[in-house]
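In my numbering, the protein residues as written are 337 to 421.
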């Protein structure tokens with residue numbers, strides 16, 4: 337988490353005593369938790385990108401089958417409409 341994002345996040349925290357700053361230990365723990373959350377978020381984004389890439393590869397691999405099914409479906413519809421009374 338960048339310093340600027342941490343500052344914005346830190347300001348949103350509810351304070352019980354606005355005139356009294358957080359202890360250095362508490363501030364360090366908040367920073368540590370923020371870093372952990374940022375790392376987990378980055379890993380989740382990487383996993384989502386990998387899954388999207390895998391999906392695109394599978395779709396590309398199946399393209400000939402989809403095109404064939406589309407052609408077959410179009411031919412079946414044309415044949416069905418030609419047989420109408």
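From the three backbone atoms N, C-alpha and C, an ideal C-beta is built for every residue, glycine too.
Just the C-alpha distance for residue i and residue j, rounded to the nearest angstrom, thanks.
i, j, result
"residue 387", "residue 359", "42 Å"
"residue 348", "residue 389", "36 Å"
"residue 357", "residue 398", "59 Å"
"residue 411", "residue 374", "53 Å"
(request) Please specify which runs of the alpha helix (DSSP H), each continuous and at least 4 residues long, are wholly inside the stretch 382 to 416, giving them in chain order. (result) If we require 4 residues or more, the stretch 382 to 416 turns out to have no alpha helix (DSSP H) run fully inside it.
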